[in-house]
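Numbering (the working numbering), first residue to last: 892 to 1120.
Every residue, glycine too, gets a C-beta built ideally from N, C-alpha and C.
All values derive from a computational prediction rather than experimental measurement.
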Amino acid sequence: MRLDFYLSHVTDLARKAAKIAAAKGRVTVNGVEVKKANHTIVEGDQVCLDGELLAWPSEGYYLMHKPAGYVCANTDAEHPTVLDLLPSHLGQGLNIVGRLDKDTTGLLLLTTDGQWLHRITSPRNACHKRYRMMLAEPISDEALQTLEEGVMLNGESQATLPAKAQRLAEQEIYLTIQEGKYHQVKRMLAAVGNRVVNLHRDQIGELTLDAELQAGEFRELTEQEVAYF
Ligand code: URA
């Protein structure tokens, strides 16, 4: 990475100011003054500005209990977004991992780490997501089996991939899916003649939503949790 790009990421200096700072001899790399903005910085280099060692900011990984009424978007003209629930210094630079509908509640991940985000959302990795839902109508065992085997969604050319459906009550089920098509769960239930009344995600891969985390609250992931994906 170029020195001016590095400086503009780890300090308050804009790219142009970073170039000027280097040209003025304010920057050293591994103890040697470097005046050229296009100097390449590699991992492990010790970069100092005015004698102070700089550090690349570490990535952020957060888990949120998404409340209903918030949209998963960076900005929205009509509705509050999930980023509004975070202090502004955290919200900047965080990307939302996948999407939950405005009325869906539950486990939502946010990160600055693009590769980690990709590992969770990429269809190739088949990351399982578990949803708990109340239904408008009682659901039959046959319908649960159909959901597991795959259903054809409106407007799609291929059936959904194998899923896991588990009855909790006459009108309440868990559904674990490995894809993330638009409104997938609601459309799957519509495909078996039912309707989702309320939808809550409580698990992504091995990561489960903490019971004590209230809607609207968030916390940082542990290193072990980050390493799940
Ligand atoms: N499927 C849906 O239909 N909605 C969501 O919010 C998530 C999955």
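Run the CB neighbour count on residue i, radius 10 Å, all protein chains shown included, and call it buried at 16 or more, exposed below.
{"i": "residue 956", "result": "buried"}
{"i": "residue 970", "result": "exposed"}
{"i": "residue 923", "result": "exposed"}
{"i": "residue 1007", "result": "buried"}
{"i": "residue 1099", "result": "exposed"}
{"i": "residue 1073", "result": "exposed"}
{"i": "residue 1051", "result": "buried"}
{"i": "residue 1091", "result": "buried"}
{"i": "residue 1056", "result": "buried"}
{"i": "residue 962", "result": "buried"}
{"i": "residue 898", "result": "buried"}
For residue i, I'd like the list of residues in its chain whose CB is within less than 7 Å of its CB, leaving aside the five on either flank, ordered along the chain.
{"i": "residue 1087", "result": "1024, 1026, 1076, 1077 and 1080"}
{"i": "residue 916", "result": "924 and 926"}
{"i": "residue 964", "result": "972"}
{"i": "residue 1014", "result": "1070"}
{"i": "residue 966", "result": "972"}
{"i": "residue 982", "result": "974"}
{"i": "residue 949", "result": "none"}
{"i": "residue 1043", "result": "1050 and 1082"}
Excluding sequence positions up to five away, which residues of its chain have a Cβ less than 8 Å from the Cβ of residue i?
{"i": "residue 1054", "result": "1038, 1039, 1041, 1066, 1067, 1068, 1069 and 1079"}
{"i": "residue 1010", "result": "1016, 1018 and 1120"}
{"i": "residue 1106", "result": "956, 957, 958, 959 and 996"}
{"i": "residue 946", "result": "901"}
{"i": "residue 893", "result": "928, 929, 930, 931 and 932"}
{"i": "residue 944", "result": "937 and 938"}
Assuming residue i contacts residue j (C-beta within less than 8 Å), just tell me the rounded distance between them.
{"i": "residue 1095", "j": "residue 998", "result": "6 Å"}
{"i": "residue 914", "j": "residue 926", "result": "5 Å"}
{"i": "residue 977", "j": "residue 1109", "result": "7 Å"}
{"i": "residue 1021", "j": "residue 903", "result": "Not a contact, Cβ separation roughly 43 Å."}
{"i": "residue 874", "j": "residue 941", "result": "Residue 874 is absent from the model: the chain starts at 892 and stops at 1120."}
Kindly list the residues whose CB is nearer than 6 Å to the CB of residue i, restricted to its own chain and excluding five residues on each side of it in sequence; keep chain order.
{"i": "residue 919", "result": "939"}
{"i": "residue 1012", "result": "989"}
{"i": "residue 1001", "result": "953, 985 and 987"}
{"i": "residue 895", "result": "906, 909, 910 and 928"}
{"i": "residue 1112", "result": "952 and 954"}
{"i": "residue 993", "result": "962"}
{"i": "residue 1117", "result": "952"}
{"i": "residue 1004", "result": "950"}
{"i": "residue 1104", "result": "956"}
Within the 8 Å Cβ cut-off, does residue i reach chain C?
{"i": "residue 1080", "result": "In summary, chain C is missing from the structure at hand, where a single protein chain is found."}
> Touching or not, the segment 1055–1064 and the segment 1023–1037, by the rule of three or more beta carbon pairs under 8 Å?
Replying inline: yes
>> With a threshold of 8 Å, are at least 3 pairs of Cβ atoms found where one atom belongs to the segment 1035–1042 and the other to the segment 1081–1088?
In response: yes
> Can you give, in chain order, each stretch of the beta strand (DSSP E) that sits fully within the segment 1064–1104 and has at least 3 residues?
Replying inline: 1087–1095
>> If we require 4 or more residues per run, which alpha helix (DSSP H) segments fall completely within the segment 935–995?
In response: 979–982
> If you scan the segment 990–1060 from start to end, which runs of the alpha helix (DSSP H) of 4 or more residues do you find wholly inside it?
Replying inline: 1005–1012 and 1032–1040
> For the segment 899–923, which segments carrying the beta strand (DSSP E) assignment without a break, of at least 3 residues, lie completely within its bounds, in sequence order?
Replying inline: 918–920
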